[in-house]
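In the numbering used here, each residue carries its 1-based index in the sequence shown increased by 808.
Single-structure report; data block below.
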Amino acid sequence: MRRFSWFNTTSLTLGFAFLYLPMIILVVYSFNSSRLVTVWAGFSTKWYGELLQNEDFLQAAWVTLKVAFFASSIATVLGTMAAYVLVRGGRFNGRTLFSGMIYAPLVMPEVITGLSLLLLFIGIGLDRGILTVILAHTTFAMCYVSVVVSSRLVSFDRSLEEAALDLGCSPFEAFRLVTLPIIAPAVISGWLLAFTLSLDDLVIASFTTGPGATTLPIKVFSAVRLGVSPEINALSTIMIGIVTLGVVTTSLMSKRAAVRQAREERAAERLT
């Protein structure tokens, strides 16, 4: 086993400090009683109370959650369908064009995507609002879902579907009862990825939003332009806490599942 040298230790320390020290400072100053975020005036939680009473931030957070939920759900359905066509459709006319249209938004600058969608909505006379933001987020999120699900379908054992068909299942029943449960982890991962991308998006939403459809990233960006307030520090701390809790919970569940699987494998070996 290799030991840590002073160079490795220093590099690791500086790397973690570069990544997490700003977050730690932000969390500490979210409990600052002073309105000046760079001047420490004592410990206080009053800015969390102020945040919970800020209707603008609460409304923006609610809009963001609604947009993320509906956009990720629609993107998961469309992305799964697109992945199934790409993997199982074989060779068909327009396959190259279809594949290019699926993967293009992955590398397309968000400014171009947002501007093109804005021009589309204006061209068809669709008023900008929550609906346009959902459609915009669905457009680019479904590409990520398609990539995730495609990688799972490529390694899928098709003999399982064939066995279901031989036993009397229709193609749709075979997909619903056999294929979908097996690829469910990839579908769920795609939904979570699409949900996260929608929550984090600023550029595309800023092009396609309208009155009453201000998302939380747009609200925070607009507020930061006038100066960082302690309420934004409190909001950021809450978001960091939610993400940390989700990561820890997922890690514990994965570890527990791995331990249970190893226990079941040992029990099966003893029986054999």
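Backbone N, C-alpha and C fix where the C-beta goes; we use that ideal spot for every residue, glycine too.
Values in this document were obtained by computation on a predicted structure and should not be read as measured data.
Assuming Val941 and Ala1002 form a contact by the criterion Cβ under 8 Å, report the distance between their Cβ atoms to the nearest whole angstrom. Incorrect: roughly 14 Å between the Cβ atoms, too far for contact.
Can you find the residues in the same chain that come closer than 6 Å, C-beta to C-beta, to Ala982, ignoring five residues on each side of it along the sequence? Glu969, Ala972 and Leu973
Just mark Glu863 as buried or exposed, buried being the case when its beta carbon has 16 or more other beta carbons within 10 Å. exposed
Measuring alpha carbon to alpha carbon, tell me which of Glu1039, Leu1060, Lys1063 and Gly1054 ends up nearest Leu859. Glu1039
Hey, would you say Gly998 sits closer than 9 Å to Gly887, going by beta carbons? yes
Hey, would you say Arg936 sits closer than 9 Å to Thr1017, going by beta carbons? yes
Who are Asn862's beta bridge partners in DSSP? Per DSSP, none; premise fails for Asn862.
Please identify the residue among Gly922, Val836 and Ser881 whose C-alpha is closest to the C-alpha of Thr1045. Val836
Mind checking Tyr952: buried by the 16 CB within 10 Å criterion, or exposed? buried
Note down, in chain order, each residue of its chain lying with its Cβ closer than 8 Å to the Cβ of Pro993, except the 5 sequence neighbours on either side. Arg960
Shortest alpha-carbon distance to Ile832 belongs to which of His945, Met1061, Asp965 and Thr1052? Thr1052
For the candidate residues Ser881, Ala876 and Ala949, whose alpha-carbon lies nearest to that of Ala912? Ala949
From Ala825 to Leu914, what distance separates their C-alpha atoms? 31 Å
Which two residues bound the contiguous alpha helix (DSSP H) that contains Asn816? Trp814 to Tyr837
Beta bridge counterpart(s) of Asn840 as assigned by DSSP: Phe851
If we ignore side chains and look at the alpha-carbon of each, how far apart do Met916 and Ser924 end up? 11 Å
For the alpha helix (DSSP H) holding Thr1052, just list the boundary residues, first then last. Pro1038 to Leu1079
If we count the other Cβ atoms within 10 Å of its Cβ and call it buried at 16 or more, is Lys1027 buried or exposed? buried
Quick check: is the beta carbon of Thr1052 nearer than 9 Å to any beta carbon in chain C? Annotation note: the requested chain C is absent from the structure, which comprises a single protein chain.
Identify the continuous alpha helix (DSSP H) that holds Val919 and give its terminal residues. Glu918 to Gly931
Relative to the alpha-carbon of Thr1004, which residue among Phe865, Gly1054, Ser1030 and Ser841 has its alpha-carbon at the smallest distance? Gly1054
Within 10 angstroms of its Cβ, does Phe865 collect 16 or more other Cβ (buried), or is it exposed? buried
Within the same chain, show all residues whose beta-carbon is closer than 8 Å to that of Arg896, passing over the 5 residues directly before and after it, in chain order. Leu961
Helix, strand or coil for Cys951? Go by DSSP, reduced to three states. helix
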